[in-house]
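Peer 1: I have a structure I would like to understand better, so I am pasting it below and will then ask my questions one at a time.
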Amino acid sequence: NLGGGGNEDQARKREMRLLKNREAARECRRKKKEYIKCLENRVAVLENQNKALIDELKSLKELYCQQKGD
Amino acid sequence: NLGGGGNEDQARKREMRLLKNREAARECRRKKKEYIKCLENRVAVLENQNKALIDELKSLKELYCQQKGD
Amino acid sequence: MANPRKFSEKIALHTHRQAEETARFEQIMKEVSDATARVQPERNAKYVLGVNSNENLGSFQGGSLPNVSAGGPTIKTSHNADMP
Amino acid sequence: MANPRKFSEKIALHTHRQAEETARFEQIMKEVSDATARVQPERNAKYVLGVNSNENLGSFQGGSLPNVSAGGPTIKTSHNADMP
DNA sequence: TTGGGCTGACGTCAGCCGCA
DNA sequence: TGCGGCTGACGTCAGCCCAA
């Protein structure tokens, strides 16, 4: 059983490899999509935090200048 | 020329479509990769701006409290 | 180490950083709010108690939570900022 | 409109927002620096003149510029912040 | 309304790198 | 050291959406 059996085993192993890689590719694409959404959400969060920090810094600066004027 | 010629024209059109879509897919993947790098760079920039804003806000707050204590 | 290869590690890294930054952000905002609370008692009166934390979710709101805003990446930190 | 479909439009949108935010960021930093310059003349003395703007590049440094830091997304706004 | 430009998703190949 | 898990890149199919 060195001829046909070996070829059949190789064919089965190849099919197994393709199946494994197929599912791995699906999971990889899903993770990549999730990573992109993670980045977009992180950008939005940092954007709002930046706005809030700038507003707070502006308010505190006005308060500081007002109190410094006395 | 309705038989073989039409099939040849269809084959050429199909080949043209495949070629066009092939190049479009390459450009699309390139743009997607560029978009991801854009997001990552944007996150890094916003990160540093957040740190700087927090530091500045902290310093100004200390200055404000110090001057308020008089 | 700084730039992992697996996507799951990248997501975990960004989630961790975002948690730390959000903690520092809320801390400094609270400190400034406490420092300026005496001269501005009407400023945060109706906003500071609205930080029950259900809007600035830490992760990427991916998978579950099809509500909250139902429109992609539009989260809003909502620390009495940008309020029409 | 808010969420374009083409990647080029997304990149252009993020680049535009980043330019505006960076402008507001530098403006408020300069204002605070000017307001606190009298009581702290030694604080920004060696940093405020270092904003020749060559480090906080506005776009994504993609395509050209294989230098600057040569290590992926590690830009640093460098407004006298995080300086060892 | 419809053809064509872009993009989402799939399967496959090639390559890297951690781990047994 | 070799094997297997993930990922980069490719070509193809299907589908959306806007300008002819």
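Chains as they are written, first to last, in my numbering: chain S, 798 to 867; chain Y, 798 to 867; chain V, 2 to 85; chain P, 2 to 85. Positions of the beta carbon are idealized from the N, C-alpha and C atoms, including for glycine.
1) Verify the CB distance criterion: does N757(Y) have a CB-CB separation below 7 angstroms to chain S?
2) Residues of chain Y with a CB under 7 angstroms from the CB of K11(P): which are they?
3) So, does the CB of Q19(V) fall closer than 7 angstroms to a CB anywhere in chain S?
4) What three-state label does DSSP hand V33(P) in the structure shown?
5) Can a CB atom of chain Y be found closer than 7 angstroms to the CB of R25(V)?
6) Report the rounded CA-to-CA distance for C835(S) versus C825(Y), giving the unit in angstroms.
7) At the 7 angstroms Cβ level, is S60(P) part of the contact set with chain S, yes or no?
8) Are V842(S) and V840(Y) close, meaning C-beta to C-beta below 7 angstroms?
9) Nearest chain P C-beta to E853(Y) closer than 7 angstroms, yes or no?
10) Would you mind working out which of K817(Y), E805(Y), E831(Y), R819(Y) sits nearest T16(P), comparing C-alpha positions?
11) State the CB to CB distance for the pair E853(Y) and V33(P), rounded to an integer number of angstroms; the pair is presumed to be in contact (CB under 8 angstroms).
12) Taking the C-alpha atoms as reference points, what is the distance between A20(P) and I29(P)?
13) Determine the direct distance from the alpha carbon of E812(Y) to that of R811(S), and round the result to whole angstroms.
14) My assumption, with CB atoms under 8 angstroms, is that N845(S) sits in contact with L850(Y). Please give the rounded CB distance.
Peer 2: With the given structure in hand:
1) No information on residue 757(Y) is available, as it lies outside the stretch 798 to 867 that chain Y covers here.
2) Position 10 of the fourth sequence, counted from the start, is the residue given in the question as residue 11(P). Chain order gives the chain Y residues near K11(P) as Y832, where near means a beta carbon separation below 7 angstroms.
3) Taking the third sequence and counting its residues from 1, the one referred to as residue 19(V) is at position 18. Yes, its Cβ sits closer than 7 angstroms to a Cβ of chain S.
4) Against the fourth sequence, residue 33(P) aligns to sequence position 32. Residue state for V33(P) is assigned as helix, using DSSP reduced to three classes.
5) To locate residue 25(V), count along the third sequence from 1; it is residue 24. Yes - at least one Cβ of chain Y is within 7 angstroms of the one on R25(V).
6) If you number the first sequence from 1, residue 835(S) lands on position 38. If you number the second sequence from 1, residue 825(Y) lands on position 28. Spanning the alpha carbons of C835(S) and C825(Y) requires a straight line of approximately 21 angstroms.
7) Here residue 60(P) refers to the residue found at position 59 of the fourth sequence. Note on S60(P): pLDDT 41, under 50, position unreliable in the model; no value is reported.
8) Position 45 of the first sequence, counting from 1, holds the residue named residue 842(S). Position 43 of the second sequence, counting from 1, holds the residue named residue 840(Y). 7 angstroms or more divides the Cβ of V842(S) from the Cβ of V840(Y).
9) Along the second sequence, one-based indexing puts residue 853(Y) at 56. Yes - at least one Cβ of chain P is within 7 angstroms of the one on E853(Y).
10) Translated into the one-based positions of the fourth sequence, residue 16(P) becomes position 15. Nearest C-alpha to T16(P): E831(Y).
11) Your numbering for residue 853(Y) matches position 56 in the second sequence. Your numbering for residue 33(P) matches position 32 in the fourth sequence. With 8 angstroms as the limit, E853(Y) and V33(P) qualify as a contact, their Cβ atoms being about 6 angstroms apart.
12) Taking the fourth sequence and counting its residues from 1, the one referred to as residue 20(P) is at position 19. Taking the fourth sequence and counting its residues from 1, the one referred to as residue 29(P) is at position 28. Rounded to whole angstroms, A20(P) to I29(P) spans 14 angstroms at the Cα level.
13) On the first sequence, position 14 is the one that residue 811(S) refers to. On the second sequence, position 15 is the one that residue 812(Y) refers to. Rounded to the nearest whole angstrom, the C-alpha separation of R811(S) and E812(Y) is 30 angstroms.
14) Counting from one through the first sequence, the residue named residue 845(S) turns up at place 48. Counting from one through the second sequence, the residue named residue 850(Y) turns up at place 53. That pair is no contact at about 13 angstroms.
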